[in-house]
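Printed below as a string of structure tokens:
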């Protein structure tokens, strides 16, 4: 496998794990707000706009690294879920179900991030040397 | 207990384990939903709190069922770890007045609990699919023998 492709795949794996870690950090920021440990809602909200940029880069690396079509599709799905996640709170006032779905979607974001990191890592180790 | 009886007990215990494993995953997802209900003001947090105290019960029952199911050591430790993590989860909010930063670990710990619950549930499904069931051999000189289920 060309070195460029291996590097792209490794980069993808790193970013996927970083994304999952950022989701964990984000819910911690929520915890700081909910349990009144000195953070406000803006921190939880604004942090999301920082690490969301990992996803388009992951999509790019998935293509450059020629990862399996399933991984590319799931990465695109993750991007859509993330975009939806950022929009849900704004509409939760009008559609009450969106609030609880926002919480559940956080699970999906974390789970999919971990799944993609492991699948991509497997694609590196499974390639013949 | 005869060997066929022992195999039957192990099989049933493994089915129970798999059911409890996935039940734990579902309950955690429901807890996330209920947390969202409370956080967005749809209703209060009472249901989330009430169910939260019972969430460690399925993993506790899994620990009990793990012995007749004869799970491998790693799976046993993963179940014990999941139980421990869920006990911690129920305890974290109690720190909100004295150590709110510790209480703030409640949501991220929930994510990690979810991850571990899925890992455990998948392992238990693999255990269930195993064609052979390990039983304690009564014959001298052998501690275990693989027999067809």
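Chains as they are written, first to last, in my numbering: chain A, 1 to 129; chain B, 1001 to 1149.
In this text, a Cβ means the ideal position worked out from N, Cα and C, and glycines have one as well.
ask   = Ordered along the chain, which non-local residues of its own chain (more than five positions away) have a Cβ less than 7 Å from that of residue 12(A)?
value = 58, 61, 62, 65, 67, 120
ask   = If we count Cβ pairs, one from each stretch, closer than 8 Å, do we get three or more for the stretch 1109-1126 of chain B versus the stretch 92-111 of chain A?
value = yes
request  = Output the distance between the C-alpha atoms of residue 85(A) and residue 102(A), rounded to the nearest integer angstrom.
outcome  = 6 Å
ask   = At a CB-CB cut-off below 8 Å, which residues of chain A make contact with residue 1021(B)?
value = By Cβ distance, chain A contributes nothing, its closest Cβ being about 16 Å from residue 1021(B), past 8 Å.
ask   = Taking the continuous alpha helix (DSSP H) assigned at residue 1005(B), which residues delimit it?
value = 1003-1039
query = How is residue 1053(B) classed by DSSP in three states: helix, strand or coil?
reply = coil
ask   = DSSP three-state call for residue 36(A): helix, strand or coil?
value = coil
inquiry  = Output needed for residue 115(A): all residues of its chain with C-beta closer than 6 Å, excluding positions within five of it in sequence on either side, in chain order.
reply    = none
ask   = What number of angstroms, rounded off, separates the C-alpha of residue 44(A) from the C-alpha of residue 122(A)?
value = 32 Å
request  = Kindly indicate if chain A contains any beta-carbon less than 8 Å away from that of residue 1088(B).
outcome  = no
ask   = Within the 8 Å Cβ cut-off, does residue 21(A) reach chain D?
value = No chain D appears in this structure, whose protein chains are A and B.
ask   = Taking Cβ to Cβ, would you say residue 1044(B) is nearer than 8 Å to residue 1052(B)?
value = no
inquiry  = Can you tell me whether residue 66(A) is helix, strand or coil according to DSSP?
reply    = coil
key: Within chain A, partners of residue 1100(B) - CB distance below 7 Å   = 35, 36, 37
key: Cβ contact (3+ pairs, closer than 8 Å) linking the stretch 67-83 of chain A and the stretch 1078-1087 of chain B   = no
query = With a CB to CB cut of under 6 Å and the five nearest residues on each side skipped, what residues in its chain are close to residue 8(A)?
reply = 61, 64, 65
inquiry  = Is there a C-beta anywhere in chain A that falls below 8 Å from the one on residue 1106(B)?
reply    = yes
inquiry  = So, for residue 166(A): in the same chain, excluding its five sequence neighbours on each side, which residues have a beta-carbon less than 6 Å away from its beta-carbon?
reply    = Residue 166(A) lies beyond the residue range present for chain A, which begins at 1 and ends at 129; the question has no answer from this structure.
ask   = Could one say the Cβ of residue 1094(B) lies closer than 8 Å to chain A's Cβ atoms, at least one of them?
value = no
ask   = Does any C-beta atom of chain A lie closer than 8 Å to the C-beta of residue 1083(B)?
value = no
query = Do you know offhand how far residue 38(A)'s Cα is from residue 1093(B)'s?
reply = 15 Å
ask   = Counting only beta-carbon atoms, is residue 27(A) nearer than 8 Å to chain B?
value = yes
message = Quick check on residue 71(A): buried or exposed, where buried means 16 or more other Cβ atoms within 10 Å of its Cβ?
response = buried
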